[in-house]
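Peer 1: FYI, the numbering for the sequence shown is -7 to 141, going by the working numbering. Where is the CB? At the ideal position from N, CA and C, for every residue including glycine.
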Amino acid sequence: MRDVNADSEHLVPPPARSRALGRLAAPAGVLTAVAGAFAYVATVNPYQPGHYPVCPLYAWTGLYCPGCGGLRSAHAFVHGDLTAALQANAPAVAAYLGFAVLWAVWAVRAARGRPIRLSPGPVQLWSLGAVLLVFTVVRNLPFGAWLHP
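Encoded structure:
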């Protein structure tokens, strides 16, 4: 037993700075992946045909889904054209901004060693679904043509 205790004295915990950097690995990885995706969409114009697949729902039915225009929205958003981004897909712009806020909260909490607690309840999830459903229905009606991508 004495040898075990003697060996354990040589184990030094890593400094607080390296532990904080280790905790930031997951947020940094996610940010890198998202930044890479946005960089790709920024360089490969979705307005030119042939670069991205056509939405299957639109191809088969002629109806716009809630995601239709998302790539165009991301392209415009990266290039700083907020009006075009909102016109292409307004919920996508809200999702970009929501992601930025949630990522910042995640990174700060990870740096401080606290877990992120994101547990939306049924009311929030049903509300989000209802907003997307209304958006989808309105953008496919004649008076919602201004919401077409």
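Just curious, the alpha helix (DSSP H) that Y56 is in, first and last residue?
Peer 2: No alpha helix (DSSP H) contains Y56, which DSSP labels as neither H nor E.
Peer 1: Under a Cβ-count criterion, where at least 16 other Cβ atoms within 10 Å of its own Cβ denotes burial, should L125 be classed as buried or exposed?
Peer 2: Exposed, since its Cβ has fewer than 16 Cβ neighbours within 10 Å.
Peer 1: Leaving out the 5 sequence neighbours to the left and right, which residues in its chain are closer than 7 Å to L16 when beta-carbon positions are compared?
Peer 2: Correct list, in chain order: A99, A102 and A103.
Peer 1: Quick check: A96 and A84, are their CB atoms within less than 8 Å of each other?
Peer 2: No. Outside cutoff.
Peer 1: Less than 8 Å between the CB atoms is what I'm expecting for L63 and V26, so what's the real figure, rounded?
Peer 2: Wrong, their Cβ atoms sit about 14 Å apart, outside the cutoff.
Peer 1: What residue range does the alpha helix (DSSP H) around G21 cover?
Peer 2: Looking at the DSSP string, the run of the alpha helix (DSSP H) that includes G21 is A17 to T35.
Peer 1: Would you check if there are 3 or more beta carbon pairs closer than 8 Å linking the region 117 to 134 to the region 53 to 60?
Peer 2: Touching, yes, given that three or more Cβ pairs across the two stretches are closer than 8 Å.
Peer 1: Let's see if you can read the secondary structure: which residues bound the alpha helix (DSSP H) around R131?
Peer 2: That run of the alpha helix (DSSP H) goes P114 to R131.
Peer 1: Could you pull out every residue in the same chain whose Cβ sits closer than 7 Å to the Cβ of A76, ignoring the five residues on either side in sequence?
Peer 2: If we look at A76 and ignore the five residues flanking it on each side, its Cβ neighbours are A68.
Peer 1: Rounded to a whole number of angstroms, what is the C-alpha to C-alpha distance between Q116 and A122?
Peer 2: Near 10 Å, if we compare the C-alpha coordinates of A122 and Q116.
Peer 1: By Cβ distance below 8 Å, which residues in the same chain neighbour H43 in space, the five residues on each side in sequence not counted?
Peer 2: If we look at H43 and ignore the five residues flanking it on each side, its Cβ neighbours are V36 and N37.
Peer 1: With distances taken from CA atoms, which of A92, N81 and G28 is nearest G136?
Peer 2: Closest by alpha carbon: N81.
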